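*Asks:*
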Amino acid sequence: GFIAGNGTTNAPKSYSFVDNSASGTVQYRLKQVDNDGSFEYSSAVEVNVAAPAAYTLSQNHPNPFNPATTISYSLPAAGFVTLKVYDMLGKEVATLVNGMQESGANKASFDASQLPSGIYFARLSSGSFNSVIKMTLMK
Numbered sequence: 118g119f120i121a122g123n124g125t126t127n128a129p130k131s132y133s134f135v136d137n138s139a140s141g142t143v144q145y146r147l148k149q150v151d152n153d154g155s156f157e158y159s160s161a162v163e164v165n166v167a168a169p170a171a172y173t174l175s176q177n178h179p180n181p182f183n184p185a186t187t188i189s190y191s192l193p194a195a196g197f198v199t200l201k202v203y204d205m206l207g208k209e210v211a212t213l214v215n216g217m218q219e220s221g222a223n224k225a226s227f228d229a230s231q232l233p234s235g236i237y238f239a240r241l242s243s244g245s246f247n248s249v250i251k252m253t254l255m256k
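Per this note's numbering, residue 118 is the first one in the sequence shown, and the count goes up by one each step.
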């Protein structure tokens, strides 16, 4: 990822970066780029990011939404995952995920620009885990 600097300053500045896709042991380092284009790398820092302890399907955000929303979920182990969206009648209107995924935090985008306003349900399935959230599309 990239975080823009605060320019030339003698005062301390704080920066932060969140890597929601990281799992396992990962290494990070900083690249400082000066105004003249020269750069320098910091030493690498190793971080052990534990996999989530349980499956989770979080409420979409924003909710209500128009026309798109984000669905976040976590997997404690690698496996085959499906994330599908259904309308009020139980008709499948979208397949957002359908395949193998590694453990860790994940996000999927749902674009409902071609669908009418209403209530929709997102269902996450992996192994014996199933969970459903209710989403509201308001145009």
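Just so it is clear, CB atoms sit at the ideal spot from N, CA and C, and this is done for glycine as well. Just so you know, these numbers come straight off a predicted model, no measurement behind them.
What does the Cβ neighbour count give for asparagine 83, buried or exposed, with the cut at 16 atoms within 10 Å?
*Replies:* With the chain covering only 118 through 256, there is no way to say anything about residue 83.
*Asks:* By how many angstroms is the C-alpha of asparagine 223 removed from the C-alpha of leucine 147?
*Replies:* The residue you call residue 147 lines up with position 30 of the sequence shown. The residue you call residue 223 lines up with position 106 of the sequence shown. Straight across, the Cα-Cα distance linking leucine 147 with asparagine 223 is about 24 angstroms.
*Asks:* Assuming alanine 171 and proline 193 make a contact with CB atoms under 8 angstroms, what is their CB distance in whole Å?
*Replies:* What you label residue 171 is simply residue 54 of the sequence shown in a count that begins at 1. What you label residue 193 is simply residue 76 of the sequence shown in a count that begins at 1. Contact holds; Cβ gap of about 6 angstroms.
*Asks:* Using a Cβ-Cβ cut-off of 8 angstroms (strictly less than) and excluding sequence neighbours within five positions of glutamine 144, which residues of its own chain qualify?
*Replies:* The count along the sequence shown starts at 1 and reaches residue 144 at position 27. The residues are Ala161, Val162, Glu163 and Val164.
*Asks:* Going by the CB atoms, is the gap between valine 210 and leucine 174 shorter than 8 angstroms?
*Replies:* What you label residue 174 is simply residue 57 of the sequence shown in a count that begins at 1. What you label residue 210 is simply residue 93 of the sequence shown in a count that begins at 1. No, they are not a contact pair.
*Asks:* Rank Val202, Ser220, Ser234 and Met217 by C-alpha distance to the C-alpha of leucine 241 and give the top, closest one.
*Replies:* The residue you call residue 241 lines up with position 124 of the sequence shown. Selected option, being the one with the closest Cα: Val202.
*Asks:* Given a threshold of 16 other Cβ atoms within 10 Å of its Cβ, counted over all protein chains shown, does methionine 205 qualify as buried or as exposed?
*Replies:* Within the sequence shown, the letter at position 88 stands for residue 205. Around the CB of methionine 205, fewer than 16 other CB atoms lie within 10 Å, so the residue is classed as exposed.
*Asks:* Please confirm whether asparagine 183 and threonine 199 have their CB atoms less than 8 angstroms apart.
*Replies:* Sequence index remark: in the sequence shown, residue 183 carries index 66 (1-based). Sequence index remark: in the sequence shown, residue 199 carries index 82 (1-based). It is not a contact, given that the beta carbons lie outside the stated cut-off.
*Asks:* If contacts are defined as beta-carbon pairs under 8 angstroms, then glycine 221 and serine 191 qualify, I think. What distance do you get, rounded to the angstrom?
*Replies:* The count along the sequence shown starts at 1 and reaches residue 221 at position 104. The count along the sequence shown starts at 1 and reaches residue 191 at position 74. Going by Cβ atoms, the distance from glycine 221 to serine 191 rounds to 7 angstroms, so yes, they are a contact pair.
*Asks:* Under DSSP, the beta strand (DSSP E) around lysine 251 begins and ends at which residues?
*Replies:* Position 134 of the sequence shown, counted from the start, is the residue given in the question as residue 251. Counting along the chain, the beta strand (DSSP E) containing lysine 251 begins and ends at 246-254.
*Asks:* Short check: CB of tyrosine 253 to CB of phenylalanine 227, under 8 angstroms?
*Replies:* Indexing the sequence shown from 1 puts residue 253 at position 136. Indexing the sequence shown from 1 puts residue 227 at position 110. Here residue 253 is threonine; the residue named in the question, tyrosine, does not match the sequence. Cβ atoms of threonine 253 and phenylalanine 227: not closer than 8 angstroms.
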